[in-house]
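>
This is the structure in structure tokens:
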């Protein structure tokens with residue numbers, strides 16, 4: 158037993174040391190941001206959060222997952238929304254309006270599970286997220302008994318914290334994905350920072366929403382598809398990629414893009430005569446596992462309902478004679494996706510300025526282009542990393558146009574739908590920084606931190622102004638209202654706010670210190686240095702005429718700021 162414990166601790170220590178210290182600072186700042194947004198945005202002021210909470214409670218209490226056309230918002234949920242003065246608009250909540258914490262009822266006291274008149278359309282989604290959140294409430298209430306029972310807001314706050322824990326992994330996953338691409342540590346740190354520069358991701362990642370499970374599954378899958386694209390055809394990698402695809406398929410419909418990503422990762426090997434049989438076997442293994450874990454849900458839908466994703470129609474059809482206009486749709490689509498990717502809070506009505514989102518989007522596009530122009534030998538792996546974002550964007554385009562053409566409305570234009578590709582996009586952005594800055598790439602992290610600081614400052618100002626305190630109130634009044642409505646005691650809430658600010662400032666100092674210390678010098682392969690990432694099997698993304706892969710050992714290091722990799726591989 159002791160030997161196993163020592164082995165486990167040794168493995169854990171090695172895993173922790175596999176990340177540079179600065180990445181752990183990034184991780185701490187990310188956890189601080191997520192925790193801050195979890196109390197900064199009022200309960201239920203997030204897309205579909207009441208429906209997600211209610212569905213989790215239905216699974217917990219009713220021990221079943223309702224069919225797509227059976228779910229209604231429960232009476233207890235309607236009553237709990239009244240406790241927070243729920244509205245899909247600016248709230249201007251005042252501290253005096255908050256009930257004392259010891260007088261806040263539990264869900265059981267607010268009403269029964271009986272249905273209200275409002276439908277809950279979320280049961281059309283696969284069940285994994287709701288089942289997981291139901292499990293969280295069961296484990297927490299049994300492990301952490303509350304003297305007077307859990308109040309409704311503590312229950313929602315608990316589910317938010319579960320999503321904070323889930324989303325916190327993105328930073329570490331992003332670093333591993335960038336390392337899999339062959340980026341050295343300074344560039345991989347940029348990839349780990351990328352999620353922190355997106356206020357909307359911090360918001361969605363800290364509330365109750367099934368996008369969070371899909372985002373983490375997509376992030377983990379990105380690590381393995383990059384490995385596959387760069388030559389890892391092992392059966393273990395195939396099985397893990399298949400399992401992650403299955404988890405995603407059992408979470409949300411956008412995961413239907415993931416099997417295509419896996420095929421793209423294996424595609425170059427299927428064309429290579431020497432690797433074809435091994436790649437085909439690995440692809441079949443991945444597909445079989447994905448089918449067993451999550452693909453069955455979609456097959457069952459086809460068999461039972463005749464459609465992949467049956468759903469109730471909440472929006473009436475357009476009047477007869479309506480002619481959709483491509484220009485009107487595109488103008489609305491660009492505005493909505495662009496703004497809602499970077500910063501649209503609550504029910505999308507509290508936003509940063511459109512020009513701020515546009516500047517951020519253009520910066521990302523420039524870096525993506527730079528990555529492909531300068532990363533000639535890894536373009537296929539870059540394409541695979543970018544594929545989840547691109548493919549889901551295609552699905553959103555098709556779905557929103559179809560909805561507009563049939564209803565004359567613009568539903569489904571949500572930037573958060575692209576977050577399951579955020580780690581891959583961050584890796585490509587990091588490669589773009591490496592291609593532009595080369596030996597000065599460590600300063601790219603500082604630039605990302607500065608950009609994130611500006612976006613978060615704009616976001617926090619808008620959130621405080623629109624949600625907390627009476628109109629034109631002072632920052633002190635707004636913070637007092639935030640603390641009064643928080644599900645947690647005042648010292649805890651204040652601690653979350655202060656810790657997040659301190660962690661963010663400390664991150665900036667650490668990044669600047671790291672960039673200064675990484676001043677250009679002769680390349681080194683000393684252990685622990687940026688160059689010491691070890692030999693990486695050569696990418697299969699070389700242009701025609703350069704060869705697809707090699708297996709010769711030895712080779713020489715490239716240390717030009719783009720990557721440090723063996724020219725041959727191993």
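Residue numbers (this note's numbering): 158 to 727.
Note that CB positions come from ideal geometry on N, CA and C, so glycine has one too.
Keep in mind it's a predicted model, so treat the numbers as computed, not measured.
#1: Quick check: what's the CA-CA separation for residue 658 versus residue 342?
#2: Excluding the 5 residues flanking residue 626 on each side, which residues of the same chain have their C-beta closer than 7 angstroms to its C-beta?
#3: Would you list, in sequence order, the uninterrupted beta strand (DSSP E) runs of no fewer than 3 residues that lie entirely inside the segment 190-251?
#4: Locate the beta strand (DSSP E) running through residue 273, then write down its first and last residues.
#5: Specify the secondary structure class of residue 307 as computed by DSSP and reduced to three states.
#6: Does DSSP put residue 501 in a helix, a strand or coil?
#7: Would residue 483 be called buried (16 or more neighbouring beta carbons within 10 Å of its own) or exposed?
#8: Nearest chain B C-beta to residue 536 closer than 8 angstroms, yes or no?
#9: Using beta-carbon positions only, say whether residue 586 and residue 524 come within less than 8 angstroms of one another.
#10: Taking C-alpha atoms, which residue in 379, 309, 501 and 214 lies nearest to residue 203?
#11: For residue 526, I'd like the list of residues in its chain whose CB is within less than 8 angstroms of its CB, leaving aside the five on either flank, ordered along the chain.
#12: Do residue 353 and residue 190 come within 8 angstroms of each other at the CB atom, strictly closer than that value?
#13: According to DSSP, is residue 507 helix, strand or coil?
#14: Taking C-beta to C-beta, are residue 222 and residue 468 nearer than 8 angstroms?
#15: For residue 408, which residues of its own chain have a beta-carbon under 7 angstroms away from its beta-carbon, when the five flanking residues on both sides are left out?
#16: Please classify residue 624 as buried or exposed, where buried requires at least 16 neighbouring CB atoms within 10 angstroms.
#17: Is it a yes or a no for the segment 588-605 touching the segment 640-652, going by three-plus beta-carbon pairs under 8 angstroms?
#18: Compare the C-alpha of residue 395 against each of 365, 350 and 444 and name the closest.
#19: When DSSP labels each residue in this structure, what does residue 537 get in the three-state scheme?
#20: Have a look at residue 185 and residue 485 and give me their C-alpha separation to the nearest angstrom.
#21: Report the three-state DSSP secondary structure of residue 606 (helix, strand or coil).
#22: By the three-class DSSP mapping on this structure, what secondary structure does residue 645 have?
#23: On a Cα-Cα basis, can you pick out the residue from 227, 272, 257 and 259 that is closest to residue 234?
#24: Among all the DSSP beta bridges, which residues are the ones paired with residue 625?
#25: Within 10 angstroms of the Cβ of residue 158, are there 16 or more other Cβ atoms? Answer buried if so, exposed if not.
#26: Could you check whether residue 331 and residue 100 sit closer than 8 angstroms to each other, using their CB atoms as the reference points?
#27: Taking C-beta to C-beta, are residue 350 and residue 605 nearer than 8 angstroms?
#28: Does DSSP put residue 569 in a helix, in a strand, or in coil?
#29: Is it buried or exposed for residue 257, if we count other Cβ within 10 angstroms and need 16 for buried?
#30: Below 7 angstroms CB to CB, which residues in the same chain sit around residue 217 once its five sequence neighbours on both sides are set aside?
#31: Can you give the beta carbon distance from residue 379 to residue 542, rounded, assuming they're within the 8 angstroms contact cut?
#32: Which residue from 433, 561 and 641 puts its Cα closest to that of residue 489?
#33: Helix, strand or coil, according to DSSP, for residue 171 in the structure here?
On the basis of the data shown:
#1: The residue you call residue 658 lines up with position 501 of the chain shown. The residue you call residue 342 lines up with position 185 of the chain shown. Distance between the alpha carbons of residue 658 and residue 342: 26 angstroms.
#2: Within the chain shown, the letter at position 469 stands for residue 626. Closer than 7 angstroms at the Cβ level, and outside the excluded window around residue 626, lie 249, 251, 634, 635 and 638.
#3: Correct list: 229-231.
#4: Reading the chain shown from its first residue, position 116 is the one you call residue 273. 272-276 is the extent of the beta strand (DSSP E) around residue 273.
#5: Reading the chain shown from its first residue, position 150 is the one you call residue 307. In the structure shown, residue 307 sits in coil (DSSP, three-state: anything other than H, G, I, E or B).
#6: In the chain shown, counting from the first residue as 1, residue 501 sits at position 344. Three-state DSSP puts residue 501 in a strand.
#7: Mapped onto the chain shown, residue 483 falls at position 326. Residue 483 is exposed by the Cβ-count criterion.
#8: Absent from the structure: chain B. Only one protein chain is present.
#9: Position 429 of the chain shown, counted from the start, is the residue given in the question as residue 586. Position 367 of the chain shown, counted from the start, is the residue given in the question as residue 524. With respect to the 8 angstroms criterion, residue 586 and residue 524 are classified as neighbours on the basis of their beta carbons.
#10: By one-based count along the chain shown, residue 203 stands at place 46. Answer by Cα proximity: 501.
#11: Taking the chain shown and counting its residues from 1, the one referred to as residue 526 is at position 369. The residues are 589.
#12: Within the chain shown, residue 190 is the residue found at index 33, counting from 1. Within the chain shown, residue 353 is the residue found at index 196, counting from 1. Judged by their CB atoms, residue 190 and residue 353 are nearer to each other than the 8 angstroms cut-off.
#13: In the chain shown, the residue the question calls residue 507 occupies position 350. Correct three-state label for residue 507: strand.
#14: Mapped onto the chain shown, residue 222 falls at position 65. Mapped onto the chain shown, residue 468 falls at position 311. No. Outside cutoff.
#15: In the chain shown, residue 408 corresponds to position 251, counting from 1. 283, 285, 286, 367, 370, 371 and 374, listed in sequence order.
#16: The residue you call residue 624 lines up with position 467 of the chain shown. Its Cβ being crowded by 16 or more others within 10 Å, residue 624 is buried.
#17: Contact between the segment 588-605 and the segment 640-652 is absent, with fewer than three C-beta pairs closer than 8 angstroms.
#18: Sequence index remark: in the chain shown, residue 395 carries index 238 (1-based). It is 444.
#19: By one-based count along the chain shown, residue 537 stands at place 380. Three-state DSSP puts residue 537 in a helix.
#20: Position 28 of the chain shown holds residue 185. Position 328 of the chain shown holds residue 485. As the crow flies, the alpha-carbon of residue 185 is around 43 angstroms from that of residue 485.
#21: By 1-based counting over the chain shown, the position of residue 606 is 449. Residue 606 falls in the helix class under three-state DSSP.
#22: Position 488 of the chain shown, counted from the start, is the residue given in the question as residue 645. In this structure, residue 645 counts as coil in the three-state DSSP scheme.
#23: On the chain shown, position 77 is the one that residue 234 refers to. Closest option to residue 234, Cα to Cα, is 272.
#24: Within the chain shown, numbered from 1, the residue matching residue 625 stands at position 468. Paired residue(s): 250.
#25: Reading the chain shown from its first residue, position 1 is the one you call residue 158. The residue in question, residue 158, is exposed, as its Cβ has fewer than 16 Cβ neighbours within 10 Å.
#26: Residue 100 lies beyond the stretch modelled for the chain, which goes from 158 to 727, so this question has no answer here.
#27: Mapped onto the chain shown, residue 350 falls at position 193. Mapped onto the chain shown, residue 605 falls at position 448. Yes. Within cutoff.
#28: To locate residue 569, count along the chain shown from 1; it is residue 412. In this structure, residue 569 counts as coil in the three-state DSSP scheme.
#29: As a working note, residue 257 is residue 100 in the chain shown. It counts as exposed.
#30: Here the question's residue 217 lines up with position 60 in the chain shown. The answer, listed in chain order, is 291, 294 and 295.
#31: Mapped onto the chain shown, residue 379 falls at position 222. Mapped onto the chain shown, residue 542 falls at position 385. A Cβ-Cβ distance of about 6 angstroms is found for the pair residue 379 and residue 542, placing them in contact under the 8 angstroms criterion.
#32: Here the question's residue 489 lines up with position 332 in the chain shown. Closest by alpha carbon: 561.
#33: Residue numbering aside, residue 171 sits at position 14 when the chain shown is read from its first letter. Assigned with DSSP and collapsed to three states, residue 171 falls in helix.
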